[in-house]
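The numbering of the sequence shown is the working numbering, which starts it at 4 and goes up by one.
First the structure, in the form of structure tokens, and then the observations on it.
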Amino acid sequence: MPYLVIALAGIFLFAGCSKVRARTVRLATTTSTENSGLLDVLLPAFKELTGIDVQVMPMGTGKALRTARDGNCDVVLVHAPEAEARFVAEGWGVNRRRVMYNDFVILGPPDDPAGLKPTASASSALKKIAAAKATFVSRGDNSGTHRKEMSLWASAGIEPAGEWYRTVGKGMGEALTMADQMMACVLADRGTFIKFRRKIDLVVLVEGDPALHNPYGVIAVNPDKHPHVKHDEAMKFIEFLTSDEGQKLIGGYRLDGQILFHPRSRYGAGPGGGGQE
4 MPYLVIALAG
14 IFLFAGCSKV
24 RARTVRLATT
34 TSTENSGLLD
44 VLLPAFKELT
54 GIDVQVMPMG
64 TGKALRTARD
74 GNCDVVLVHA
84 PEAEARFVAE
94 GWGVNRRRVM
104 YNDFVILGPP
114 DDPAGLKPTA
124 SASSALKKIA
134 AAKATFVSRG
144 DNSGTHRKEM
154 SLWASAGIEP
164 AGEWYRTVGK
174 GMGEALTMAD
184 QMMACVLADR
194 GTFIKFRRKI
204 DLVVLVEGDP
214 ALHNPYGVIA
224 VNPDKHPHVK
234 HDEAMKFIEF
244 LTSDEGQKLI
254 GGYRLDGQIL
264 FHPRSRYGAG
274 PGGGGQE
């Protein structure tokens, strides 16, 4: 009997220690990042290196930053430079870092009913879409993609409205699927398009405009605002993403031989160059 008691005590002690050692970090990130499949490559490598599990909370950039502002996550990975800068300036986030970039593309039906090709300017393309009243699907969710879309409409001098303009309030993958079902035009990040292109008939009609540059940044939630957040774990995640190993994994992630995201080491080389600090 004493041996049994000792054995059971050892089991409970081991289980308790294992529970104490378990570490997690909550990541609020864009649906485009998750839809692309990149996190399936990054997160196992991060856990192997640090022992930290990442709890992924996919949502639009606007919601991700609100979640962080409320202290309901530890770190955010998003793609809206102006909103990111404001989030840090207001004191909600710290240690903002550039991570990677890709670009946005305007997709549409192969027969190009709005005559977008060979338009090189995104704002000119949107003018043609509005003039033709060609169906356009908008995410309408205050995400980074939606914010970019609205800035492009503003540059075109158009306030989109009418039966042809469909606001869906969905993530990138769902918006792509709905646009495909309607044979509509849609703004998408290239990474998600590459991931979904075998499932849809839409094709790239407009690309390469510097205005379509799509930078991603990572920010830790400010522990002075929310003392309960796991700042150490968040910083380890940021350090991993921006390390040589993390950057190599980002640049090496490909589908059908195509790169989905360019690492920050080549940040200024993409459409539009520059980006956030």
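Ideal placement from N, C-alpha and C gives every residue a C-beta, glycine not left out.
Grab the span of the beta strand (DSSP E) containing V81 for me, first residue to last.
-> V78 to V81
Where does D77 land, buried or exposed, given buried means 16+ other C-beta within 10 angstroms?
-> buried
Hey, quick one: how far does the alpha helix (DSSP H) through I55 stretch, first residue to last?
-> Careful: I55 lies outside any alpha helix (DSSP H), inside the beta strand (DSSP E) at I55 to P61.
Would you check if the region 49 to 67 and the region 81 to 92 touch, i.e. whether three or more CB-CB distances between them fall below 8 Å?
-> yes
DSSP puts S141 in a beta bridge; with which residues?
-> T170
Contact check, H265 vs Y104, beta carbons under 7 Å = yes
Which two residues bound the contiguous beta strand (DSSP E) that contains H216?
-> H216 to V224
CB of L263 within 7 Å of CB of G172, strictly | no
May I ask which residues mark the beginning and end of the beta strand (DSSP E) holding I132?
-> It is not in any beta strand (DSSP E) - I132 instead sits in the alpha helix (DSSP H) that spans A125 to A135.
Return the Cβ separation of D43 and K50 in integer angstroms, given the expectation that the two are a contact with Cβ distance under 8 Å.
-> That belief does not hold up - the Cβ atoms of D43 and K50 are roughly 12 Å apart, past 8 Å.
Beta carbon of L46, beta carbon of L252: below 7 Å?
-> no
Using the C-alpha atoms, what's the distance from A83 back to N217?
-> 8 Å
Below 8 Å on the Cβ atoms is my guess for D106 versus L215; work out the distance and round it to an integer in Å.
-> 5 Å
In the region 83 to 117, which residue ranges form an unbroken alpha helix (DSSP H) of at least 4 residues, counting only runs that do not cross its ends?
-> 84 to 92
Give the straight-line distance between the Cα atoms of R99 and A237, rounded to the nearest whole angstrom.
-> 11 Å
Can you tell which of G160, R69 and S146 has the C-alpha that lies nearest to the C-alpha of V224?
-> R69
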